[in-house]
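Residue numbers (our numbering): 4 to 378. Even glycine gets a Cβ: it sits at the ideal position worked out from N, Cα and C. What follows is a set of notes on a single structure, which appears directly below.
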Amino acid sequence: MKRLYWTNPELFETEVEVKTIADCKVTIEPVIFHPDEGGQPADTGTIEKANVTNVEIINDQIVHTLDKPLGDGKYIARLNKQHRLYTASQHTAQHIISGIAEKQFDLGTTGVHIGLEKCTVDFDKKIDWQTVKNIEQQSMEVVTHNIPVETVFNDKDVRIRSDSKEIESDTIRVVKIGDYDKSACCGAHLKSTGQIGIIRIFDIEGKKQGVRIFFLAGTKALEHSQAETSILRDLRKSAGCSSSELLAIFEKALNHSKESAKEINRLWSRMLPDIAKSATVTEVESKKIGIQVADIPSQLITKLAGMMAETLDGAGIVVSDTNIAISSNGINANDLLRKIQDSFGGKGGGSAKAANGKLGRTVTTDELISTLSHF
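Put into C-alpha cells, the structure is as follows:
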C-alpha cells in the first residue's frame, strides 16, 4: 500500500487502480486520500464520477466509501484541494506548537483534534496565558523561516519514544520540522512551514490534568482574527474608547450591573411577603396550594414559593415566564411538578419538599388550577 499523501502531499490528482471490497466501498492503489486517523479528518474528493464520502482504516486497509458503485479498474482520483490544504495546514501547525511546547516549556502533548471550525491541543501541565502567547510567537517564527517539512521512515530515536500500536515497527513514518519537532505521525502535511501563513492560538481552558489550547492556522486563522477585530472595533465605537481602555470600562459596567441587580433583588425581597399573601389559593387533597403567576426574578421564585407554603401550611407554586418553583409541606412537590409538566411539557425535578424546572410554554393561573383539580 503506497501512501502518496505521506511522500507527495501536493499530488491532488492521479490515476488509481480500484478494487471493490463491498457495495460502494473500495481500496485504491496508490493511496492519495488521507483516512480519518491521528486526529485529522479524512480527505474528500472524487474517484471518476463517484464522490468519496469517507476514508477509514479497516483491518489494515484504507477503505474509501463512495456515493455510487464503481467497478474494478483504473480511474482518475481527485482530491478536494481546499479541504486537504486546510487540514494539512492545521496539522503542520499543531506539530510546530507541540514541538515548541515540549522543547521550550516541557509540555507533553496528550491529545490532538483537527476540526473544521477549530483545532485543539491538550498538554499535560497547567500553563498561563503568557506562556500561550510565547508559544504562539515562537510558532510564527517557525512559519516565517519557511522550514521544510520532511518525511523519514524508521528513525530509531522516534521508534523508542513512539508507543503507538497502530504503526508497524517496520513502517514508522516520522515528520521532521527542522530542530523544532520530530515525531511519529500518520497524517498529511504541507511541504514547508511558510505555506501555513499564520498560526493563532485564541483560547485556553483547564482540564483535570493539564490544559487544552484552541488554535487555527492559515486562512481560517485570518478569518477568525478578522471577526474578532470587527467585534473589537464595534465595542470601541460603542464605548467611545481605545482598545486598551475597553477592559476597565467593561469591568466598571459589570460591577455596576451587579450592584443594580443586588438592589433590585433587595427591593423585590421586601415585596415578597405581600406577593405571597396575594396568591390565588386552591385545594388539593385537603391541602391549600398557593399559585402565583407573575413576572418575578427567577432567582427569587424558590424563596417566594417557600413563603407561600409556610403561610398556607401547604404548598406554594410560583411561575415566572416558563420557570417554575414548588415548595410544599405535606403534598409531594415533585409529584406536583410532574403533574403540571404532563400538561404543559418541560423539564426539571426535585424532592417531596421542593422542586423546580422549566415548562414547555407560559401558563395562566386558571390553567394550573384546572390541571391540579385532576391531581
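By alpha-carbon distance to E144, the top candidate from I201, E153, V155 is I201.
By the Cβ criterion, the segment 52 to 59 is not in contact with the segment 178 to 188, since fewer than three pairs of Cβ atoms, one from each stretch, lie closer than 8 Å. When DSSP reads this structure, H67 sits in a beta bridge with V29, V58. Exclusion of the five residues before and after V115 leaves G42, Q97, V124 as the residues of its chain whose Cβ lies within less than 6 Å of its Cβ.
A residue is called buried when at least 16 other Cβ atoms come within 10 angstroms of its Cβ; F156 does not meet this threshold and is exposed. Nearest neighbour of K361 by Cα position, chosen from Q344, S373, T374, T368, turns out to be Q344. Using a 10 angstroms sphere on the CB of M310, the tally of other CB atoms reaches 16 or more, which defines it as buried. Three or more Cβ pairs closer than 8 Å define a contact, and the segment 68 to 81 meets that threshold against the segment 15 to 35.
Judged by DSSP in its simplified three-state form, I103 adopts helix. Boundaries of the beta strand (DSSP E) around S186: 184 to 187.
Under the 10 Å beta carbon count, S289 is surrounded by fewer than 16 other beta carbons and is classified as exposed. By the criterion of a C-beta distance shorter than 6 Å, F378 is surrounded in its chain by V287, K342, once the five residues flanking it on both sides are discounted.
Below 8 Å, too few C-beta pairs join the segment 265 to 281 and the segment 238 to 253 to call them touching: fewer than three.
Annotation: the segment 250 to 303 contains the following complete segments of the beta strand (DSSP E) (minimum length 3 residues), in chain order: 283 to 287, 290 to 296. Residue Q107 holds the alpha-carbon nearest to the alpha-carbon of K136 among G111, T154, Q107.
Taking every protein chain shown into account, the CB of F36 has 16 or more other CB atoms within 10 angstroms, so this residue is buried.
DSSP, read as helix, strand or coil, puts T365 in coil. A Cβ-Cβ separation of about 7 Å places L340 in contact with G352 under the 8 Å criterion. Boundaries around H116 are those of the beta strand (DSSP E), 112 to 117, since no alpha helix (DSSP H) includes it.
Taking the CA atoms as reference points, I175 sits about 28 Å from I138.
Buried is the label assigned to G102, since at least 16 other Cβ atoms lie within 10 Å of its Cβ. Separation of F205 and S246 (C-alpha to C-alpha, rounded to the nearest whole angstrom) is 17 Å. Excluding residues up to 5 positions away in sequence, T30, Q64, V66 lie with their Cβ nearer than 8 Å to the Cβ of I24 in the same chain. S195 is positioned such that its CB atom lies closer than 8 Å to that of I150.
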